[in-house]
Amino acid sequence: MIPIDSTVEGIQLTLGKCQSILSPEGFDLGGGYQYDHGYFDHALDWEEEHGHRYYLRIPVYAVSGDIEMGREETLVTLGKPFVIKHEFRTGNDPSGDIGVISAAVNQFSKPIPTGDAEIDQRWIKRARQLIARIEPKLT
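The opening residue of the sequence shown carries number 38 in this note's numbering; numbering runs sequentially from there.
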């Protein structure tokens with residue numbers, strides 16, 4: 038994870054306003070959001086054919102209201118943006134020999150740990166360019 042300095046950190050606005058600004062720029066409210074926090078994600082390697090692995094992520098924290106319910110009037114604070122690498126398996130999962138019953142319940146392979154993974158400067162540069170493009174729209 039590489040933190041990116043930005044003037045968006047600490048900005049408060051409604052979730053609806055945040056989505057109306059970030060969605061047209063290619064950001065999605067990631068699927069891992071909860072009632073009190075979430076992340077707006079933007080793939081940095083959109084031209085790669087292997088699937089996305091590098092993301093610019095902007096945390097959002099609920100001040101009042103509920104992010105999970107998707108209420109537009111929920112007041113949120115933006116956190117410090119960062120670049121993250123998400124690694125996934127494209128071949129067979131080495132732990133995949135588990136049987137039919139277990140396979141019906143456990144359909145997804147375990148993620149590959151990437152906490153200390155190096156992130157190429159081109160993805161950091163691209164993230165900074167994206168942040169520079171959205172900062173005036175959010176401030």
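Beta carbons: idealized from backbone N, C-alpha and C, even for Gly.
These numbers were taken from a predicted model, which means no experiment stands behind them.
CA-CA distance, R170 and P61?
If you take the alpha carbons of R170 and P61, they lie about 12 Å apart.
How is T151 classed by DSSP in three states: helix, strand or coil?
With a pLDDT of 47 at T151, under the threshold of 50, the modelled position of that residue is not reliable, and no figure is offered here.
Tell me, please, whether the CB atom of L175 is closer than 7 Å to any CB atom in chain B?
Within the model displayed, chain B is absent; a lone protein chain is all it includes.
Tell me the DSSP secondary structure of E93 in three-state form.
Here residue 93 turns out to be Leu, not Glu, going by the sequence shown. Taken through DSSP and simplified to helix, strand or coil, L93 comes out as strand.
Going by DSSP, what residues sit across from V45 in a beta bridge?
Looking at the DSSP assignment, V45 forms no beta bridge with any residue, so it has no partner.
Out of Q166, R94, C55, K122, state which residue places its alpha-carbon closest to the alpha-carbon of G107.
That would be C55, whose Cα lies nearest to the Cα of G107.
Check whether the Cβ atoms of I156 and I39 sit closer than 7 Å, and answer yes or no.
Yes, the pair counts as a contact, with Cβ atoms nearer than the cut-off.
CA-to-CA distance, Y92 to A164, given in whole angstroms:
Taking the straight line from one Cα to the other gives about 8 Å.
Three-way DSSP call (helix, strand, coil) for K122 in this model
Three-state DSSP puts K122 in a strand.
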